[in-house]
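First the structure, in the form of structure tokens, and then the observations on it.
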Amino acid sequence: MSVTMSLDVSGERLSVKLLPRLTLTPATLIINSQSGIVELSCDDEHLAEIESAIRQYRENIGPRNGRE
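Under the UniProt record's numbering, think of the first position of the sequence shown as 1, with each following residue one higher.
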């Protein structure tokens with residue numbers, strides 16, 4: 001199944017949860033905002049790719065917006 005979803009959550013409060021994988025179900029990343037809910041069921045390798053992309057982004061923005 002292929003679906004493209006775009007939500008602009010800028011300025012919104014987010015709730016992020018990661019449900020662990022179980023015997024018959026993969027791990028599920030849940031992002032909840034005022035705009036909607038995204039649930040992404042994925043393998044541990046996919047979660048590692050997401051983590052790496054976020055970490056690389058944060059390292060590249062440096063001290064902008066008061067963050068280091």
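Note that the Cβ used here is the ideal one computed from N, Cα and C, for glycine as well.
As the structure is a prediction and not an experimental result, all values here were calculated from the model.
Determine the direct distance from the alpha carbon of residue j to that of residue i, and round the result to whole angstroms.
i: P20; j: A48; result: 14 angstroms
i: N60; j: T23; result: 37 angstroms
i: A53; j: H46; result: 11 angstroms
i: S33; j: L40; result: 14 angstroms
i: E51; j: S35; result: 23 angstroms
i: P26; j: V38; result: 15 angstroms
i: K17; j: S2; result: 23 angstroms
DSSP three-state label for residue i, please.
i: S33; result: strand
i: S41; result: strand
i: S52; result: helix
i: L24; result: coil
i: L47; result: helix
Per DSSP, residue i is paired with what?
i: I16; result: Checking the sequence, you will find Val at residue 16 rather than Ile. Note: V16 sits in a beta bridge opposite I31.
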